[in-house]
(Lines of atoms letter the chains of each structure in order from A and count residues from 1; the text may use other names and numbers.)
(Lines give C-alpha, C1' and ligand atoms only; values in the text may rest on other atoms or scores of the structure.)
Protein backbone atom coordinates (compact mmCIF):
# COMPACT_ATOMS: atom_id res chain seq x y z
CA UNK A 1 0.00 0.00 0.00
CA UNK A 2 1.43 3.38 -0.98
CA UNK A 3 1.57 6.11 1.65
CA UNK A 4 -1.49 8.30 1.94
CA UNK A 5 -1.10 11.96 1.01
CA UNK A 6 -3.08 15.18 0.80
CA UNK A 7 -2.41 18.18 -1.37
CA UNK A 8 -1.56 21.43 0.41
CA UNK A 9 -3.11 24.68 -0.80
CA UNK A 10 -2.77 28.26 0.42
CA UNK A 11 -5.95 30.16 1.23
CA UNK A 12 -6.04 33.35 -0.83
CA UNK A 13 -9.53 34.76 -0.31
CA UNK A 14 -12.06 34.45 2.50
CA UNK A 15 -15.48 34.48 0.85
CA UNK A 16 -18.09 34.00 3.56
CA UNK A 17 -18.66 32.26 6.89
CA UNK A 18 -20.87 29.18 6.98
CA UNK A 19 -22.56 29.75 10.31
CA UNK A 20 -23.55 26.17 11.02
CA UNK A 21 -22.68 24.74 14.43
CA UNK A 22 -20.01 26.23 16.64
CA UNK A 23 -16.95 25.72 14.47
CA UNK A 24 -17.47 28.65 12.07
CA UNK A 25 -16.25 26.98 8.88
CA UNK A 26 -15.98 29.23 5.86
CA UNK A 27 -16.08 29.17 2.11
CA UNK A 28 -12.72 30.30 0.74
CA UNK A 29 -10.72 30.31 -2.47
CA UNK A 30 -7.22 28.82 -2.61
CA UNK A 31 -4.18 29.35 -4.82
CA UNK A 32 -5.27 26.48 -7.10
CA UNK A 33 -8.38 28.55 -8.05
CA UNK A 34 -10.74 26.06 -6.40
CA UNK A 35 -13.14 26.85 -3.60
CA UNK A 36 -13.06 24.94 -0.32
CA UNK A 37 -15.03 24.71 2.88
CA UNK A 38 -12.30 25.45 5.43
CA UNK A 39 -12.35 24.01 8.95
CA UNK A 40 -10.19 26.18 11.22
CA UNK A 41 -7.82 25.09 13.97
CA UNK A 42 -8.72 28.24 15.91
CA UNK A 43 -12.36 27.18 16.28
CA UNK A 44 -13.97 25.68 19.39
CA UNK A 45 -12.54 22.14 19.46
CA UNK A 46 -9.34 23.20 17.75
CA UNK A 47 -7.02 20.68 16.14
CA UNK A 48 -8.89 17.68 17.56
CA UNK A 49 -11.83 18.55 15.31
CA UNK A 50 -9.45 18.72 12.34
CA UNK A 51 -8.00 15.31 13.25
CA UNK A 52 -11.53 13.86 13.43
CA UNK A 53 -12.33 15.34 10.04
CA UNK A 54 -9.13 14.01 8.52
CA UNK A 55 -9.37 10.48 9.93
CA UNK A 56 -13.11 10.15 9.34
CA UNK A 57 -12.90 11.50 5.82
CA UNK A 58 -10.04 9.25 4.77
CA UNK A 59 -11.77 6.17 6.22
CA UNK A 60 -14.96 7.11 4.35
CA UNK A 61 -12.94 7.33 1.14
CA UNK A 62 -11.31 3.95 1.83
CA UNK A 63 -14.80 2.48 2.19
CA UNK A 64 -15.55 3.82 -1.30
CA UNK A 65 -18.02 6.44 -0.10
CA UNK A 66 -18.30 9.73 -1.96
CA UNK A 67 -16.56 12.49 -0.01
CA UNK A 68 -15.19 15.85 -1.20
CA UNK A 69 -11.41 15.95 -1.66
CA UNK A 70 -9.64 16.83 1.57
CA UNK A 71 -6.67 19.21 1.46
CA UNK A 72 -4.37 20.81 3.98
CA UNK A 73 -5.16 24.52 3.82
CA UNK A 74 -2.38 26.88 4.82
CA UNK A 75 -3.27 30.24 6.34
CA UNK A 76 -0.54 32.90 6.24
CA UNK A 77 0.09 35.09 9.26
CA UNK A 78 -1.29 38.23 7.61
CA UNK A 79 -4.42 36.59 6.30
CA UNK A 80 -7.62 38.09 7.71
CA UNK A 81 -6.20 41.31 9.14
CA UNK A 82 -8.55 43.32 6.93
CA UNK A 83 -11.60 41.27 8.02
CA UNK A 84 -14.18 43.65 9.54
CA UNK A 85 -15.92 41.06 11.73
CA UNK A 86 -13.90 40.83 14.95
CA UNK A 87 -15.04 37.27 15.71
CA UNK A 88 -13.89 36.09 12.29
CA UNK A 89 -10.67 38.11 12.54
CA UNK A 90 -9.84 36.38 15.84
CA UNK A 91 -10.67 32.99 14.36
CA UNK A 92 -8.31 33.58 11.44
CA UNK A 93 -5.59 34.95 13.72
CA UNK A 94 -5.61 31.79 15.84
CA UNK A 95 -5.74 29.56 12.74
CA UNK A 96 -2.36 30.51 11.29
CA UNK A 97 -0.66 27.47 9.75
CA UNK A 98 -2.28 24.26 8.52
CA UNK A 99 -6.05 23.91 8.56
CA UNK A 100 -8.28 21.47 6.68
CA UNK A 101 -10.31 22.10 3.54
CA UNK A 102 -13.03 20.11 1.79
CA UNK A 103 -13.59 20.74 -1.90
CA UNK A 104 -16.74 22.85 -2.28
CA UNK A 105 -19.57 20.99 -4.01
CA UNK A 106 -21.13 23.85 -5.95
CA UNK A 107 -24.86 23.36 -6.37
CA UNK A 108 -25.14 20.48 -3.90
CA UNK A 109 -28.28 20.28 -1.76
CA UNK A 110 -28.77 18.80 1.69
CA UNK A 111 -29.98 15.22 1.76
CA UNK A 112 -33.71 14.89 2.53
CA UNK A 113 -34.38 11.93 4.82
CA UNK A 114 -37.49 11.06 2.82
CA UNK A 115 -35.28 10.02 -0.13
CA UNK A 116 -34.72 6.27 -0.36
CA UNK A 117 -31.13 5.24 -1.06
CA UNK A 118 -29.39 1.96 -1.74
CA UNK A 119 -29.44 -0.29 1.35
CA UNK A 120 -25.77 -1.23 1.04
CA UNK A 121 -24.77 2.43 0.81
CA UNK A 122 -26.90 3.33 3.83
CA UNK A 123 -25.39 0.43 5.77
CA UNK A 124 -21.83 1.43 4.92
CA UNK A 125 -22.43 5.00 6.13
CA UNK A 126 -24.05 3.81 9.37
CA UNK A 127 -21.14 1.40 9.89
CA UNK A 128 -18.65 4.22 9.25
CA UNK A 129 -20.28 6.50 11.82
CA UNK A 130 -20.52 3.76 14.43
CA UNK A 131 -16.85 2.93 13.87
CA UNK A 132 -15.57 6.52 14.09
CA UNK A 133 -18.18 7.40 16.76
CA UNK A 134 -19.61 10.30 14.77
CA UNK A 135 -22.51 11.73 16.78
CA UNK A 136 -23.55 14.27 14.17
CA UNK A 137 -25.47 12.68 11.30
CA UNK A 138 -29.04 12.94 12.53
CA UNK A 139 -32.44 13.93 11.13
CA UNK A 140 -31.81 17.45 12.45
CA UNK A 141 -28.41 17.73 10.78
CA UNK A 142 -27.80 14.99 8.20
CA UNK A 143 -24.32 16.11 7.06
CA UNK A 144 -25.07 14.40 3.76
CA UNK A 145 -25.36 16.14 0.40
CA UNK A 146 -26.90 15.24 -2.93
CA UNK A 147 -24.59 16.23 -5.77
CA UNK A 148 -24.83 15.05 -9.38
CA UNK A 149 -27.53 12.58 -8.23
CA UNK A 150 -25.12 10.90 -5.79
CA UNK A 151 -25.01 10.92 -1.99
CA UNK A 152 -21.89 12.59 -0.55
CA UNK A 153 -20.61 12.33 3.00
CA UNK A 154 -19.46 15.61 4.58
CA UNK A 155 -18.45 16.85 8.02
CA UNK A 156 -16.92 14.14 10.21
CA UNK A 157 -15.56 16.60 12.77
CA UNK A 158 -17.75 15.33 15.63
CA UNK A 159 -16.19 11.86 15.58
CA UNK A 160 -13.52 10.15 17.72
CA UNK A 161 -14.98 11.93 20.74
CA UNK A 162 -12.89 9.84 23.14
CA UNK A 163 -10.01 12.23 22.46
CA UNK A 164 -11.72 15.07 24.33
CA UNK A 165 -11.24 13.24 27.64
CA UNK A 166 -8.07 11.45 26.45
CA UNK A 167 -8.21 8.50 28.81
CA UNK A 168 -9.28 4.83 28.84
CA UNK A 169 -8.56 4.49 25.12
CA UNK A 170 -8.92 0.72 25.08
CA UNK A 171 -12.26 0.81 26.89
CA UNK A 172 -13.52 3.58 24.58
CA UNK A 173 -12.67 1.44 21.54
CA UNK A 174 -14.87 -1.38 22.82
CA UNK A 175 -18.01 0.65 23.53
CA UNK A 176 -21.29 0.26 21.66
CA UNK A 177 -22.41 3.37 19.81
CA UNK A 178 -25.60 4.39 21.62
CA UNK A 179 -26.14 7.46 19.41
CA UNK A 180 -26.87 5.18 16.46
CA UNK A 181 -30.54 5.16 17.46
CA UNK A 182 -30.83 8.77 16.22
CA UNK A 183 -29.12 8.19 12.88
CA UNK A 184 -30.83 9.44 9.77
CA UNK A 185 -30.04 6.38 7.64
CA UNK A 186 -30.57 3.68 10.26
CA UNK A 187 -33.99 2.56 9.01
CA UNK A 188 -32.52 2.01 5.53
CA UNK A 189 -29.39 0.22 6.77
CA UNK A 190 -30.59 -3.35 6.27
CA UNK A 191 -27.19 -4.70 5.17
CA UNK A 192 -25.04 -3.96 8.22
CA UNK A 193 -23.43 -7.40 8.28
CA UNK A 194 -22.43 -7.04 4.65
CA UNK A 195 -21.07 -3.55 5.40
CA UNK A 196 -19.01 -5.01 8.26
CA UNK A 197 -17.48 -7.65 5.99
CA UNK A 198 -16.73 -5.02 3.34
CA UNK A 199 -15.04 -2.77 5.91
CA UNK A 200 -12.87 -5.59 7.21
CA UNK A 201 -11.73 -6.32 3.67
CA UNK A 202 -10.64 -2.70 3.21
CA UNK A 203 -9.38 -1.55 6.61
CA UNK A 204 -6.27 -3.01 8.22
CA UNK A 205 -3.23 -2.15 10.33
CA UNK A 206 -1.22 -0.90 7.36
CA UNK A 207 -3.95 1.53 6.36
CA UNK A 208 -4.39 2.75 9.93
CA UNK A 209 -0.64 3.27 10.30
CA UNK A 210 -0.47 5.28 7.08
CA UNK A 211 -3.52 7.22 8.17
CA UNK A 212 -2.18 8.36 11.55
CA UNK A 213 1.15 9.23 9.91
CA UNK A 214 -0.82 11.73 7.83
CA UNK A 215 -1.68 13.83 10.91
CA UNK A 216 0.63 16.90 10.89
CA UNK A 217 2.94 17.33 13.88
CA UNK A 218 1.57 20.83 14.43
CA UNK A 219 -1.88 19.34 15.11
CA UNK A 220 -0.39 17.14 17.85
CA UNK A 221 1.07 19.77 20.19
CA UNK A 222 -1.54 19.49 22.93
CA UNK A 223 -1.66 21.34 26.24
CA UNK A 224 -3.62 18.58 28.00
CA UNK A 225 -1.03 15.80 27.57
CA UNK A 226 2.71 15.30 27.85
CA UNK A 227 2.70 12.70 25.07
CA UNK A 228 4.75 13.27 21.94
CA UNK A 229 3.12 13.49 18.49
CA UNK A 230 4.15 9.90 17.74
CA UNK A 231 2.71 8.69 21.04
CA UNK A 232 -0.59 10.43 20.25
CA UNK A 233 -0.60 8.86 16.78
CA UNK A 234 -0.12 5.47 18.41
CA UNK A 235 -3.23 5.99 20.55
CA UNK A 236 -5.35 6.75 17.48
CA UNK A 237 -3.86 3.73 15.71
CA UNK A 238 -4.60 1.43 18.64
CA UNK A 239 -8.13 2.82 19.03
CA UNK A 240 -8.97 2.07 15.38
CA UNK A 241 -7.30 -1.34 15.41
CA UNK A 242 -9.12 -2.38 18.58
CA UNK A 243 -12.47 -0.98 17.45
CA UNK A 244 -12.29 -2.83 14.14
CA UNK A 245 -11.47 -6.11 15.90
CA UNK A 246 -14.48 -5.57 18.18
CA UNK A 247 -16.95 -4.28 15.59
CA UNK A 248 -19.50 -6.86 16.78
CA UNK A 249 -20.15 -4.62 19.80
CA UNK A 250 -21.34 -1.59 17.84
CA UNK A 251 -22.86 -3.77 15.14
CA UNK A 252 -25.17 -5.43 17.66
CA UNK A 253 -26.11 -2.01 19.07
CA UNK A 254 -27.06 -0.79 15.58
CA UNK A 255 -29.09 -3.91 14.79
CA UNK A 256 -30.92 -3.69 18.11
CA UNK A 257 -31.69 -0.01 17.47
CA UNK A 258 -33.13 -0.91 14.06
CA UNK A 259 -35.53 -3.35 15.70
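Numbering (our numbering), first residue to last: 156 to 414.
Idealized CB from N, CA, C, for every residue including glycine.
In this text, all values refer to a predicted model and were calculated from it rather than measured experimentally.
Other residues of its chain near residue i: CB distance less than 8 Å, five sequence neighbours each side excluded
i           : result
residue 333 : 408
residue 404 : 329, 330, 331
residue 389 : 367
residue 371 : 227, 253
residue 189 : 164, 258, 259
residue 350 : 275, 278, 279, 281, 282, 344
residue 242 : 179
residue 319 : 200, 203
Boundaries (first-last residue) of the alpha helix (DSSP H) holding residue i
i           : result
residue 205 : 201-217
residue 397 : 384-400
residue 241 : 241-248
residue 198 : Looking at the DSSP string, residue 198 is not in any alpha helix (DSSP H), and its letter there is neither H nor E.
residue 324 : 324-328
Rounded straight-line distance, which links the Cα of residue j to that of residue i
i           : j           : result
residue 160 : residue 184 : 21 Å
residue 410 : residue 344 : 9 Å
residue 104 : residue 208 : Limits of the chain in this structure are 156 at one end and 414 at the other, which puts residue 104 out of reach.
residue 356 : residue 392 : 18 Å
residue 278 : residue 363 : 22 Å
residue 322 : residue 380 : 10 Å
residue 240 : residue 200 : 21 Å
residue 400 : residue 386 : 21 Å
residue 303 : residue 382 : 44 Å
residue 258 : residue 267 : 21 Å
residue 317 : residue 215 : 19 Å
residue 260 : residue 305 : 12 Å
residue 348 : residue 312 : 26 Å
residue 336 : residue 282 : 13 Å
residue 223 : residue 162 : 13 Å
residue 402 : residue 244 : 43 Å
residue 206 : residue 173 : 20 Å
residue 270 : residue 180 : 27 Å
residue 289 : residue 377 : 22 Å
residue 397 : residue 210 : 16 Å
residue 354 : residue 204 : 24 Å
residue 284 : residue 296 : 14 Å
residue 230 : residue 195 : 9 Å
residue 346 : residue 352 : 10 Å
residue 221 : residue 158 : 21 Å
Chain-order list of residues whose beta-carbon lies under 6 Å from that of residue i (same chain, five-residue window excluded)
i           : result
residue 256 : 191, 193, 226, 228
residue 213 : 366
residue 280 : 340
residue 197 : 246, 249, 250
residue 294 : 268, 339
residue 170 : 182, 183
residue 263 : 300, 302
Anticipated Cβ contact below 8 Å, residue i with residue j, distance rounded
i           : j           : result
residue 413 : residue 341 : 6 Å
residue 374 : residue 202 : 4 Å
residue 314 : residue 272 : Actually they do not touch by this definition, with Cβ atoms about 21 Å apart.
residue 234 : residue 166 : 6 Å
residue 217 : residue 358 : 6 Å
Sequence-distant residues of the same chain with beta carbon closer than 7 Å to residue i, five excluded per side
i           : result
residue 298 : 291, 292, 309, 310
residue 395 : 363
residue 187 : 164
residue 384 : 372, 375
residue 121 : Examination of residue 121 is not possible in this model, given that the chain is present from 156 through 414 alone.
residue 265 : 297, 300
residue 168 : 183, 184
Span of the beta strand (DSSP E) around residue i
i           : result
residue 226 : 225-230
residue 172 : 163-172
residue 313 : It is not in any beta strand (DSSP E) - residue 313 carries neither H nor E in the DSSP assignment.
residue 254 : 252-258
residue 373 : Taken as a continuous stretch (DSSP letters only), residue 373 belongs to no beta strand (DSSP E), as it is neither H nor E.
residue 183 : 181-185
- Message: Which runs of the beta strand (DSSP E) at least 3 residues long sit entirely within the segment 333-363? Give them in chain order.
- Response: none
- Message: My parser needs the beta strand (DSSP E) runs of 3 or more residues fully inside the segment 277-308; what are they?
- Response: 299-302, 305-308
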